[in-house]
Amino acid sequence: MKKKSFLDNMAKFEGKSLSELLKTTTLSSLEDAYDAQIGDAAYDEYLKNPQSRPLSESLEEYGLGESE
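Rendered as structure tokens:
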């Protein structure tokens, strides 16, 4: 019952319903875990081939930079 009381208090503190608190907290936690896994995979790939390139080149590749 202590967990339920804690969750109710956290929901009140955040100004949300318990359902909304659990939904947003769960989604946030899952997004963080996903980002960490993607970051780890990218770093492992970099360690296999430790070459970098200019940011401008990456931005241009994704259509975010200015073409010369």
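In terms of the working numbering, the sequence shown opens at residue 408 and continues consecutively. Each residue gets a CB set at the ideal place from its N, CA and C atoms; glycine is no exception.
Hey, could you find the ends of the alpha helix (DSSP H) residue 408 is sitting in? That residue, residue 408, is in no alpha helix (DSSP H); it is neither H nor E in DSSP.
What number of angstroms, rounded off, separates the C-alpha of residue 423 from the C-alpha of residue 417? 9 Å
Limits of the alpha helix (DSSP H) - the one that residue 444 falls within: 425–455
Residues near residue 447 in its chain [Cβ-Cβ closer than 8 Å; skip 5 each side]: Shown here for residue 447: not one same chain residue has a beta carbon closer than 8 Å to its own, the five before and five after excluded.
Can the beta-carbon of residue 425 be found closer than 8 Å to that of residue 439? no
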